[in-house]
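Notes for the one structure printed next.
Numbering (our numbering), first residue to last: 0 to 144.
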């Protein structure tokens with residue numbers, strides 16, 4: 000377990016991590032994409048875990064509670080704003096890559112975005128194959144090339 004010093008950088012890191020974890024749960028179908036508030040997340044998961052709250056040394060201080068309340072408030076506002084992305088909206092026909100490739104070969108792959116369905120999209124590998132592979136991926140797994 001790590002200790003928090005309650006810096007602004009730690010707060011922003013926890014908020015970003017929480018948003019990514021919520022997006023992943025939506026993409027996996029654990030949480031429906033219709034969720035509009037942080038409190039509504041509790042209908043499906045223990046939302047208090049988002050952002051790594053259970054991975055830090057627990058502390059009953061006002062500073063600790065205020066820190067995690069700020070994380071939850073930021074996520075609540077983000078959900079109420081219909082989860083605006085930090086990255087530009089991807090458009091059909093654009094070239095994309097994996098956002099977090101697992102190895103060098105994945106890092107070299109480029110795709111054409113062929114369909115965008117909210118939280119998921121279809122991508123087609125740019126290659127010399129007569130019938131290029133098509134993959135359905137959560138939107139957070141790709142980025143503009």
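A virtual CB, placed ideally from N, CA and C, is assigned to each residue, including glycine.
Inter-residue CB distance, residue i and residue j (contact presumed, cutoff 8 Å)
i, j, result
"residue 36", "residue 79", "6 Å"
"residue 134", "residue 122", "5 Å"
"residue 120", "residue 136", "6 Å"
Cβ shell of residue i (< 7 Å), same chain only, five flanking positions each side left out
i, result
"residue 92", "111, 112"
"residue 85", "Residue placement at residue 85 cannot be trusted, given a pLDDT of 49 that sits under 50; what the coordinates show is reported in the next sentence. Excluding sequence neighbours, residue 85 sits near nothing in its chain."
"residue 43", "29, 30"
"residue 95", "89, 110, 112, 122, 141, 142, 143, 144"
"residue 5", "62, 66"
Check whether residue i and residue j have beta carbons under 9 Å apart
i, j, result
"residue 73", "residue 17", "yes"
"residue 21", "residue 118", "no"
"residue 10", "residue 66", "yes"
"residue 69", "residue 14", "yes"
"residue 54", "residue 139", "no"
Open item on the list: For the pair the segment 129-144 and the segment 43-50, tell me if three or more CB-CB distances fall below 8 Å.
Closed with: no
Open item on the list: Below 8 Å, how does it come out for the segment 99-116 and the segment 52-68: are there three or more Cβ pairs, yes or no?
Closed with: No, the segment 99-116 is not in contact with the segment 52-68.
Open item on the list: In chain order, what are the residue ranges of uninterrupted alpha helix (DSSP H) at least 4 long that sit wholly in the segment 20-95?
Closed with: 37-40, 61-79
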